[in-house]
Amino acid sequence: MSSSALTSAPVEATRTRGLHGAPARGRRTGPGVSFILPYLPFLIVFGIAPMIYALVLAFTNADGSWVGVHNFLRTFGDYRFVPAFEHILVYTCAWLGSLIVFVVGLALLLHGRANRVSAGFRFVFYLPGALAGAAAVLVWLFMLDPAVSPFSGVEHVFGDQLFVQSIAPGKLPFVFAMIAFWTGAGGWIVVMYGALNTIPDELDEAARIDGAGPFTIAFRLKLPLIRKWIAYMAILSFAIGTQLFVEPQLVDEASLGLVPDTWSSNQFAYQLAFRYGDFNAAAAVSVDLLVIGLAAAVLIVTRTGLFRRED
Amino acid sequence: MRTSMARGFRLVILAAFAVFFAIPIIWLILAPTKADGALVTRSPLSFGSFHQIALAWDHLDGFSNHIYRLWIGNSLLYALSATAIVLVTAIPAGYGLALGNFPGRKLVLTLTLVVMIMPAAALVLPIFLELNALHLIGSVLSVILPFSFFPFGVYLAYIYYSTAVPRELLDAARVDGAGEGQTFRHVALPLAKPIVALVFFFSFVADWNNFFLPYAVLADSSQYPIQVGLSDLLSSTPSFNPAQGGGGQQVNIFRPELALATLLAIIPVAIVFLLSQRALVRGVLAGAVKQ
Chain A
1 MSSSALTSAP VEATRTRGLH GAPARGRRTG PGVSFILPYL PFLIVFGIAP MIYALVLAFT
61 NADGSWVGVH NFLRTFGDYR FVPAFEHILV YTCAWLGSLI VFVVGLALLL HGRANRVSAG
121 FRFVFYLPGA LAGAAAVLVW LFMLDPAVSP FSGVEHVFGD QLFVQSIAPG KLPFVFAMIA
181 FWTGAGGWIV VMYGALNTIP DELDEAARID GAGPFTIAFR LKLPLIRKWI AYMAILSFAI
241 GTQLFVEPQL VDEASLGLVP DTWSSNQFAY QLAFRYGDFN AAAAVSVDLL VIGLAAAVLI
301 VTRTGLFRRE D
Chain B
312 MRTSMARGFR LVILAAFAVF FAIPIIWLIL APTKADGALV TRSPLSFGSF HQIALAWDHL
372 DGFSNHIYRL WIGNSLLYAL SATAIVLVTA IPAGYGLALG NFPGRKLVLT LTLVVMIMPA
432 AALVLPIFLE LNALHLIGSV LSVILPFSFF PFGVYLAYIY YSTAVPRELL DAARVDGAGE
492 GQTFRHVALP LAKPIVALVF FFSFVADWNN FFLPYAVLAD SSQYPIQVGL SDLLSSTPSF
552 NPAQGGGGQQ VNIFRPELAL ATLLAIIPVA IVFLLSQRAL VRGVLAGAVK Q
């Protein structure tokens, strides 16, 4: 870009306006539809079409004839359906609770500390984010085995001497919630901390002059100002939580089948497709989960106002 | 007096959480330096020897005819080729959505946003069912192509072009007679460097860490990416699966080998993480989301 190009622009613009009697810099100029053409097939084939196809499968049978809500009723009546949804509900509540209390709490504690100390803590909290998926689960399988765990002292307090006791069925939702918290909380703490930093110093100062203590400032001033972000984190995490798959799948493999392979709803759908080849039933359960995820996404986009769709 | 007590209390809580977040990682780094027996008998956070790491690597590498190297290679292949496609498709798409004015623009933008916020796992089984109908299951493409759809990348580019790039600059090029394609190539694209780094990071990490999709669509263990490979290793470890111990199934995969496998599997992501930490913390907040 030469400087003459920049300076010549207004001249050209004036001339155009003179000729056509319309402003040159209107909405008509700009990139055309061709720019999104390479992306469009991916959006359609791997975003929209799978949802539509799952819907079609869920309402038809193996021969392709329409069966209404039969597949939904059939899967709902399955003895594994309700327990699986119970499991993910307890797990999601435990995870959400810990996220809201500890992420917001830690972000508030970090906010207002000396910058270098705070940056150090944020980095340590953020670090486990590098271990998502199977790697995080493997690390925690070790941590949950009292024989090798550095946390064995804590585990003995809970009465766990053996690995199988650490992953007893009643504890599992909380164990998975802890793994998810360990990998994901740091990222959210960074986000909340950033949101806190957008609060003008003057507000903080004014409250202090008015005699407000650190607790009053944290809960009455800062917390309401980052409400939007907490709502976003809660809705998003709720949607993600209901899709749990890798954690129970790996624990199932490590526990000799002590944990059923249909522990979570997504596992149940997976088993319906893979073990029984019942794609219509699998699609029905997928659609249940899809609806939860879709509802959460639409709620975030239309209600929280965090994402810009127009300028 | 009261404030110093409050400060001390604050530090204790922060330190306790730092221990919770950091200890598992420190343990993971130290575990391959010890033999399986020493993991049980010695202090969990002690250092063994470098010799043990070499030994653990020999066992791991020997597992199933060097399949571990293959898994890492597969992960690199899937994540890098998908991310390359993401960059080629998402940057122009974000540009077009931000500055263009064509029918359907708002629809594409809204659909992109919704699919981006929806949990990726919700789409895995529907994608599996679709690929199954198309007879693509078991092909490498059944991983790379779905990975190449990354709406968050489009959104990042969209936000960048609609906020950070001055329109006057682009208008100037157009008025100078540059076509839309040329304006993009010579003006908009060179300006996109920061966003390219950001999209690369998020796309690469998401692909590298994805377990569910490759687990569902790949059948042959030689095609597995490392995340799925780890689950294969796990079911071969007698420490967690006593049934695997006897019957001539001895594969020399014990806890130190499993820990080493996990540690090596996260190194690529850890490197990208450390490199982009500062830019990320700033970029995610400043650019991606409206205040």
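One line per chain: the protein sequences are A and B, in this order. The numbering used here numbers the first residue of the first sequence as 1 and each following residue consecutively. The numbering used here numbers the first residue of the second sequence as 312 and each following residue consecutively. In this text, a Cβ means the ideal position worked out from N, Cα and C, and glycines have one as well. Computed from a prediction, not measured in an experiment: that's the story for all the values here.
DSSP places THR60 of chain A within a strand segment (E or B) once states are collapsed to three.
Excluding the 5 residues flanking it on each side, PHE374 of chain B has same chain C-beta neighbours closer than 8 angstroms at LEU544, SER547, VAL562, ASN563, ILE564, GLU568, in chain order. Taking a Cβ-Cβ cut-off of 8 angstroms, the neighbours of TYR53 of chain A in chain B comprise PRO437, LEU440, GLU441, ALA444, given in sequence order. Under the rule that a run must span 4 or more residues, the alpha helix (DSSP H) segments found entirely inside the stretch 249-311 of chain A read 265-274, 279-299.
Using a Cβ-Cβ distance cut-off of 8 angstroms, the stretch 437-445 of chain B and the stretch 501-510 of chain B are not in contact, since fewer than three pairs of beta carbons, one from each stretch, lie closer than that value. Residue environment for TYR79 of chain A: exposed (fewer than 16 other C-beta atoms within 10 angstroms of its C-beta). TRP66 of chain A is bridged by DSSP to A:THR60. Interface residue (Cβ-Cβ distance to chain B less than 8 angstroms): PRO169 of chain A is not classified as such. By the beta-carbon neighbour count (other beta carbons within 10 angstroms, threshold 16), ILE582 of chain B is exposed. Here ASP145 of chain A carries a coil assignment [DSSP, helix/strand/coil]. In this structure the stretch 452-466 of chain B touches the stretch 396-414 of chain B; the number of beta carbon pairs closer than 8 angstroms is three or more.
Burial state of ALA317 of chain B is exposed, judged by a 10 Å Cβ sphere holding fewer than 16 other Cβ atoms. At a beta-carbon threshold of 7 angstroms, the residues of chain A lying near THR573 of chain B are ALA135, LEU138, VAL139, ordered along the chain. Rounded to whole angstroms, GLY153 of chain A and ASP347 of chain B show a C-alpha spacing of 20 angstroms. A check of alpha carbon separations from LEU366 of chain B across B:LEU410, B:PRO343, B:ILE396 identifies B:PRO343 as the nearest. With a threshold of 8 angstroms between beta carbons, GLY411 of chain B makes contact with chain A. For the pair of segments examined, the stretch 408-416 of chain B was found not to touch the stretch 223-233 of chain A: the number of CB pairs separated by less than 8 angstroms stays below three. Rounded to the nearest whole angstrom, the CA to CA distance from ILE577 of chain B to MET51 of chain A is 32 angstroms. In this structure, DSSP gives VAL562 of chain B a state outside helix and strand, which the three-state scheme calls coil.
Contact between PRO173 of chain A and VAL90 of chain A is confirmed by a C-beta separation of about 4 angstroms, below the 8 angstroms threshold. A buried status is given to ILE378 of chain B, since no fewer than 16 other beta-carbon atoms sit within 10 Å of its beta-carbon. Contact between LEU43 of chain A and LEU422 of chain B holds: CB atoms are separated by about 6 angstroms, below the 8 angstroms threshold. Under the three-state reduction of DSSP, GLN363 of chain B is assigned to helix. With fewer than 16 other Cβ atoms from the protein chains shown falling within 10 Å of its own Cβ, ALA530 of chain B counts as exposed. When A:HIS70, A:LEU289, A:TYR270 are compared, the shortest CA-CA separation from ILE88 of chain A is found for A:LEU289.
Within 7 angstroms of the CB of THR423 of chain B, the CB atoms of chain A belong to LEU43, in sequence order along the chain. With a threshold of 8 angstroms between beta carbons, GLU86 of chain A makes no contact with chain B. The Cβ atoms of TYR193 of chain A and ARG275 of chain A do not sit closer than 8 angstroms to each other. CA-CA distance, ILE48 of chain A to GLY68 of chain A, rounds to 22 angstroms. The beta carbon of ILE48 of chain A falls within 8 angstroms of a beta carbon belonging to chain B, placing the residue at that interface.
Taking the CA atoms as reference points, ARG208 of chain A sits about 13 angstroms from PHE219 of chain A. An exposed status is given to VAL291 of chain A, since fewer than 16 other beta-carbon atoms sit within 10 Å of its beta-carbon.
Considering only beta carbons, the part of the stretch 260-287 of chain A lying closer than 7 angstroms to chain B consists of ASN266, ALA269, TYR270, ALA273, PHE279, ALA282, ALA283, SER286, in chain order. Taken in chain order, the members of the stretch 56-70 of chain A whose beta-carbon sits within less than 8 angstroms of a beta-carbon on chain B are LEU57. Proximity of ILE448 of chain B to chain A, defined by a Cβ-Cβ separation below 8 angstroms, is not satisfied. Neighbours of ASN520 of chain B across chain A, judged by C-beta separation under 8 angstroms: ALA132, GLY133, ALA135.
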